[in-house]
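Trainee:
Number of protein chains: 2
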Amino acid sequence: MPQIAHLECSRCHQTVSAETPQTLCPNCSGVLYVRYDLSSARGVAVRDRIASEAGTAPSAGMWRYRAVLPSVEPVTLGEGWTPMLQSKRNRNVYLKEEGANPTGTFKARGLALAVTMARHYGLKKLAVPSAGNAAGALAAYAAAAGIEAHIFMPKDVPIANHMESVAYGAKVTLVDGLISDCARIVNERKQAEGWFDISSLKEPFRVEGKKTMGYELVEQLGWQYPDAVFYPTGGGVGLIGMWKAFEEMEQLGWVAPGKRPKMIAVQSSGCAPIARAFEEGKPASEAWQNASTFASGLRVPKAYGDTIILDICRSSGGVALAIPDDTIFQSLLDWSRNEGILLSPEGAAATAAYDHLLANGYLKATDRCVLFNTGAGLKYADVIAEKLGLTAK
Amino acid sequence: MPQIAHLECSRCHQTVSAETPQTLCPNCSGVLYVRYDLSSARGVAVRDRIASEAGTAPSAGMWRYRAVLPSVEPVTLGEGWTPMLQSKRNRNVYLKEEGANPTGTFKARGLALAVTMARHYGLKKLAVPSAGNAAGALAAYAAAAGIEAHIFMPKDVPIANHMESVAYGAKVTLVDGLISDCARIVNERKQAEGWFDISSLKEPFRVEGKKTMGYELVEQLGWQYPDAVFYPTGGGVGLIGMWKAFEEMEQLGWVAPGKRPKMIAVQSSGCAPIARAFEEGKPASEAWQNASTFASGLRVPKAYGDTIILDICRSSGGVALAIPDDTIFQSLLDWSRNEGILLSPEGAAATAAYDHLLANGYLKATDRCVLFNTGAGLKYADVIAEKLGLTAK
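This is the structure in structure tokens:
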């Protein structure tokens, strides 16, 4: 595992030491990326050893990529190396099943690494505003690490989000508002309470953990890029992490440069700040008013990384688009009934977006596409049951 | 992948052809096991190729063991090769996290193989009585295979069990009773309706799929047996499948014979037919009256394989025991708060049983033990939320 060389601002490229915990760029408040000396990981030989050495500790799950992750003893619950499922109706369509992660969502990857580093730095109290799933993941990894977790999330999250956070022993506050309101509360109180703010992109390691999705999807396709990647976009950090992974893999000589996938950010019509900014040709989004969608993970009125996401979508030849909730739910039923896969509402936004872009000619059926199901449909049992008209007990 | 040689009755050893779908032994109604010519899989060299060839299709998940599974094109949703997590408080205690499977439980393994074979045989309509989790798994794999699923389960199952079965498009009947009542209905109607009864042990392939848990736990411990395996026991078929795996692995020369783990069957005090029969020294259980436990997967008044389970527990030097629901829930909270792992109630019965057998001196803290979490705690979000006193929305 490589030593961290330094942290680098994604905007102004100032470098900062990783010896102590960092938040945003001290110069411009840009997002900090982890940079390593990766010379020992360069070349196809290292890449091809990954599979033969993986599977059990210390190389289980996403830690198979420990050659490109910080050399710190991990706090792990078995996250990563999730199934890549081929659609039964179109063998060029792959579903990346992130619901198989601990706590049932991709959030486990980012928080596994961020809590690993928090323990390494000796931090004692972590705080997070969440649309729901980051809350559960922080609560789990904090419990595993013996660190306090302070969680703020909307009061109308799915039952599972509230239940798991309480079960893991986190200090949970339900807020009459959205994740943006939760973030304001964390921001106001963190200094007095001694909390470290582990919000996505406001520290460098959640995005670093999520980058493993990029390595994984490429490895699972035989170290080839697909033509397009569909990513349900609330905070959009998974998409940012994957892009960083592609950049690293090219530098390492693990994939041929020059033909990265179109990156497609998918939102709900009920909360579509990034899709709107994309359409209007703007470099940044504006906060979405009265955000409302049953895809609760997409209920993020303003993502901190919006400019990075828009830039990635554009420079990759991708798009950002929004799908109405009804269409999302129809796609959820389509995939459960015809593929045997119960998507999260967010994942169903991605599958609906695929259908849309196929129908309008943006994509061909022969294009190789990876669609992210960012979480387990089971985590939304109460929400989906209600939409199916099943009587609550 | 090996050809099936024949099916063999576990009781009277009569052999039956696998050319057509089979149910129970036509001679004595015993459970049928799949037998292969495994000569091509014999030896450590084949075993050691498993890891290097595994990870992606056709060797992803439990299909890494395709050398000991029927050579039929699989219906797969990414089941198996679940995390083996070391307890943070005792490094000799391993938690086998079956919640990472499709549909969130170990039931996926058995139904992946049983539906694979059902499709191979051209069966069109499958029926199952279920305590809840087999229902969801059958519904998912049947949807993936384009086969009709007819499901009967108690009306008070967790919301997730009902929701997922409906979402996958199965024909769902909620029954005012237990799995035994559901089984009676399937039995009465199956002939007229043309349903194939895919109840556990009443056809040979669900137990065959579940045997992969035995291969996996041994491989994940470096091809060594642990000292004990704790298995939450409703129908108990996972335990039976693991025992078959151990037998095969010894015949194949993949593990040294003669020191199999103690097999420990764990039930709830609210439904403990096997634990009672074990204690009373009887070879078979009697149907449990008024079965009641929040560990809904353990609510099986009479398991079809009870004599096999009792025999395995006894001949391995293990035990069958029952834990009160309150103690189970305390162990669930203990593991979520101190390990960051949200167990299913059934899994928490196993962890509670471990604590009990450690306290009474049956086990030592230095004994290497594998505890099965048979399902994701998230699948019981409504049940656990209620026990935590969280207000329903």
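If you read the protein sequences in the order shown, they are chains B and G.
Sequential numbering of the first sequence, starting at 716, is according to the working numbering.
Sequential numbering of the second sequence, starting at 716, is according to the working numbering.
Don't be surprised by glycine CBs; every beta carbon is placed ideally from N, CA and C.
#1: Could you check what DSSP says for R762/B in three-state terms: helix, strand or coil?
#2: At what residues does the beta strand (DSSP E) containing K840/G begin and finish?
#3: Looking at the structure shown, is E918/B part of a helix, part of a strand, or coil, going by DSSP?
#4: At what residue ranges does the stretch 882 to 929 of chain G contain a whole run of the alpha helix (DSSP H), taking only runs of 4 or more?
#5: With DSSP collapsed to three states, give me the class of K1108/G.
#6: G776/G versus chain B: which residues are under 8 angstroms apart at the beta carbon?
#7: On the DSSP letters alone, give me the boundaries of the beta strand (DSSP E) that K977/G sits inside.
#8: I'd like to know if H877/B contacts chain G, where contact means its C-beta is closer than 8 angstroms to some C-beta of that chain.
#9: Which residues of chain B have a Cβ atom closer than 9 angstroms to the Cβ of S1046/G, listed in chain order?
#10: Comparing alpha-carbon positions, which option in A1037/B, A782/B, D912/B, A1096/B lies nearest P717/B?
#11: Evaluate E903/B with the Cβ neighbour count: other Cβ atoms within 10 Å of its Cβ, from every protein chain shown; 16 or more gives buried, anything less gives exposed.
#12: On a CA-only basis, which of A859/B, A850/B, A1065/B, G951/B is nearest P789/B? Give me that one, please.
#13: Thinking C-alpha only, which one of G892/B, E908/B, L893/B, R899/B is nearest K886/B?
#14: Can L1093/B and L1093/G be called in contact, C-beta distance under 8 angstroms?
#15: Is it a yes or a no for the stretch 881 to 898 of chain G touching the stretch 839 to 851 of chain G, going by three-plus beta-carbon pairs under 8 angstroms?
#16: Name the chain G residues whose beta carbon is nearer than 8 angstroms to that of Y883/B?
#17: What's the call for Q982/G, buried or exposed, on a 16-neighbour Cβ count within 10 Å?
#18: By the DSSP assignment, the beta strand (DSSP E) with M1190/G in it spans what residues?
#19: Here's a check: name, in chain order, each residue in its chain whose Cβ is nearer than 6 angstroms to the Cβ of G825/G, leaving out the five neighbours to either side.
#20: Which residues of chain B have a Cβ atom closer than 7 angstroms to the Cβ of Y856/G, listed in chain order?
#21: Based on DSSP bridge pairs, tell me the residues matched to T820/B.
#22: Is it true that the CB of G1055/B sits closer than 8 angstroms to the CB of S792/G?
#23: In three-state DSSP terms, what is K811/G?
#24: Assuming the contact rule is C-beta atoms closer than 8 angstroms, A720/B and Y751/B should be a hit. Round their C-beta distance to whole Å, please.
#25: Which residues, in chain order, does the stretch 782 to 793 of chain G contribute to contact with chain B at a C-beta distance below 9 angstroms?
#26: What number of angstroms, rounded off, separates the C-alpha of S802/G from the C-alpha of I900/G?
#27: Assuming G819/G contacts A1091/G (C-beta within less than 8 angstroms), just tell me the rounded distance between them.
#28: Would you report the Cα separation of K1108/B and A1100/B, rounded to the nearest angstrom?
#29: Less than 8 angstroms between CB atoms is the rule here; does Q935/B satisfy it with respect to chain G?
#30: List the residues of chain B whose Cβ lies closer than 8 angstroms to the Cβ of L1103/G, in chain order.
#31: For chain B, check one thing: does any of its Cβ atoms lie closer than 8 angstroms to the Cβ of K822/G?
#32: Thinking just about the alpha-carbon of each residue, which of S984/B, S1007/B, G937/B is nearest to the one in P1039/B?
#33: Please list, in chain order, the chain G residues whose beta carbon lies closer than 7 angstroms to that of K803/B.
#34: Quick check: what's the CA-CA separation for Y809/G versus A1080/B?
#35: Taking just the CA atoms, how far does T730/G sit from K977/B?
Mentor: Judging by the given coordinates:
#1: What you label residue 762/B is simply residue 47 of the first sequence in a count that begins at 1. In the structure shown, R762/B sits in a helix (DSSP, three-state: H, G or I).
#2: In the second sequence, counting from the first residue as 1, residue 840/G sits at position 125. Per DSSP, K840/G belongs to the beta strand (DSSP E) from 840 to 844.
#3: Indexing the first sequence from 1 puts residue 918/B at position 203. E918/B: coil per DSSP, three-state reduction.
#4: 894 to 908, 920 to 925
#5: On the second sequence, residue 1108/G is found 393 positions in, with the first residue counted as 1. In this predicted model, K1108/G has a pLDDT of only 47, less than 50, meaning its place in the structure is not dependable enough to derive any value.
#6: As a first step, residue 776/G must be located in the second sequence, where it is residue number 61. Near G776/G (Cβ distances below 8 angstroms), the residues of chain B are P798.
#7: As a working mapping, residue 977/G is identified with position 262 in the second sequence. Element bounds for K977/G: 977 to 983.
#8: Locating residue 877/B in the first sequence gives position 162, where the first residue counts as 1. Yes, its Cβ sits closer than 8 angstroms to a Cβ of chain G.
#9: For the purposes of this step, residue 1046/G is taken as residue 331 along the second sequence, with counting starting at 1. Neighbours of S1046/G on chain B: none; closest Cβ ~12 angstroms, over 9 angstroms.
#10: If you number the first sequence from 1, residue 717/B lands on position 2. Measuring from the Cα of P717/B, the nearest candidate turns out to be A782/B.
#11: Here residue 903/B refers to the residue found at position 188 of the first sequence. E903/B should be labelled exposed.
#12: To locate residue 789/B, count along the first sequence from 1; it is residue 74. The shortest Cα separation from P789/B among A859/B, A850/B, A1065/B, G951/B belongs to A859/B.
#13: Against the first sequence, residue 886/B aligns to sequence position 171. For the residues G892/B, E908/B, L893/B, R899/B, the minimum Cα distance to K886/B belongs to E908/B.
#14: Here residue 1093/B corresponds to residue number 378 of the first sequence, with the count starting at 1. Here residue 1093/G corresponds to residue number 378 of the second sequence, with the count starting at 1. Yes, Cβ-Cβ distance for L1093/B and L1093/G is below 8 angstroms.
#15: yes
#16: Against the first sequence, residue 883/B aligns to sequence position 168. Neighbours of Y883/B on chain G, chain order: S1051, R1052, G1055, L1057.
#17: Within the second sequence, residue 982/G is the residue found at index 267, counting from 1. Result: buried.
#18: It is not possible to answer for residue 1190/G, since the shown part of chain G is limited to 716 through 1108.
#19: By one-based count along the second sequence, residue 825/G stands at place 110. Cβ within range, chain order: R921, G924, K925.
#20: Within the second sequence, numbered from 1, the residue matching residue 856/G stands at position 141. By Cβ distance, chain B contributes G1055.
#21: Within the first sequence, numbered from 1, the residue matching residue 820/B stands at position 105. According to DSSP, which records beta bridges pairwise, T820/B is partnered with G1090/B.
#22: On the second sequence, position 77 is the one that residue 792/G refers to. On the first sequence, position 340 is the one that residue 1055/B refers to. Strictly speaking, residue 792/G in this sequence is Leu, with Ser absent from that position. In contact: L792/G and G1055/B (Cβ atoms closer than 8 angstroms).
#23: Sequence index remark: in the second sequence, residue 811/G carries index 96 (1-based). Strand at K811/G.
#24: For the purposes of this step, residue 720/B is identified with residue 5 of the first sequence, where counting begins at 1. For the purposes of this step, residue 751/B is identified with residue 36 of the first sequence, where counting begins at 1. That pair is a contact at about 6 angstroms.
#25: V790, T791, L792, G793
#26: Translated into the one-based positions of the second sequence, residue 802/G becomes position 87. Translated into the one-based positions of the second sequence, residue 900/G becomes position 185. So the two alpha carbons sit approximately 43 angstroms from each other.
#27: In the second sequence, counting from the first residue as 1, residue 819/G sits at position 104. In the second sequence, counting from the first residue as 1, residue 1091/G sits at position 376. Confirmed, about 4 angstroms.
#28: Numbered from 1 along the first sequence, position 393 holds the residue referred to as residue 1108/B. Numbered from 1 along the first sequence, position 385 holds the residue referred to as residue 1100/B. Bear in mind that a pLDDT of 47 at K1108/B, under 50, signals an unreliable position, so the number given afterwards is only what the model happens to contain. The straight-line gap from Cα to Cα measures roughly 11 angstroms.
#29: Mapped onto the first sequence, residue 935/B falls at position 220. It does: the Cβ of Q935/B has a partner Cβ on chain G nearer than 8 angstroms.
#30: Looking up residue 1103/G in the second sequence gives position 388. Neighbours of L1103/G on chain B, chain order: M878, V881, A882.
#31: The count along the second sequence starts at 1 and reaches residue 822/G at position 107. No, K822/G does not count as interfacial toward chain B.
#32: Along the first sequence, one-based indexing puts residue 1039/B at 324. Comparing Cα positions, the closest option is S984/B.
#33: As a working note, residue 803/B is residue 88 in the first sequence. Near K803/B (Cβ distances below 7 angstroms), the residues of chain G are A859.
#34: The residue labelled residue 809/G in the question sits at position 94 within the second sequence. The residue labelled residue 1080/B in the question sits at position 365 within the first sequence. Answer to the nearest angstrom: the Cα atoms are 45 angstroms apart.
#35: Sequence index remark: in the first sequence, residue 977/B carries index 262 (1-based). Sequence index remark: in the second sequence, residue 730/G carries index 15 (1-based). Near 56 angstroms, if we compare the C-alpha coordinates of T730/G and K977/B.
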